[in-house]
Amino acid sequence: MIEEERDCREVVTQLAAVKAGVDKVISIIVTENLLGCVLKDGEEVNKKQLEDALELIFKIK
C-alpha cells in the first residue's frame, strides 16, 4: 500500500486491523497456555472466572 502511494488513512486503517488481529491471536495463545498450566488432571478450576480475568488483563494492556 505504501509503495502504491495509497492514502495515509487507508494505510493506518489496515495497520490497525492487523494489530487488532495479532492482539487477538496473542490473547488466545496466552489463555490456552495458561489454562493448560492451571488445569491439572481431574482438578476443577473455575474456567469462566479465569477466562474473564485474562480478558480483563488483555483489555488493560
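All letters in the sequence shown, in the order written, are residues 6 to 66 by the working numbering.
For each residue, glycine too, the CB sits at the ideal point set by N, CA and C.
Could you work out which residue in the options is closest to residue i when comparing CA atoms only?
{"i": "Leu40", "options": "Val16, Glu60 and Glu56", "result": "Glu56"}
{"i": "Lys64", "options": "Ser32, Ile7 and Val23", "result": "Ser32"}
In three-state DSSP terms, what is residue i?
{"i": "Asn38", "result": "helix"}
{"i": "Glu56", "result": "helix"}
{"i": "Arg14", "result": "helix"}
{"i": "Val50", "result": "coil"}
{"i": "Leu20", "result": "helix"}
{"i": "Ile31", "result": "helix"}
{"i": "Ile7", "result": "coil"}
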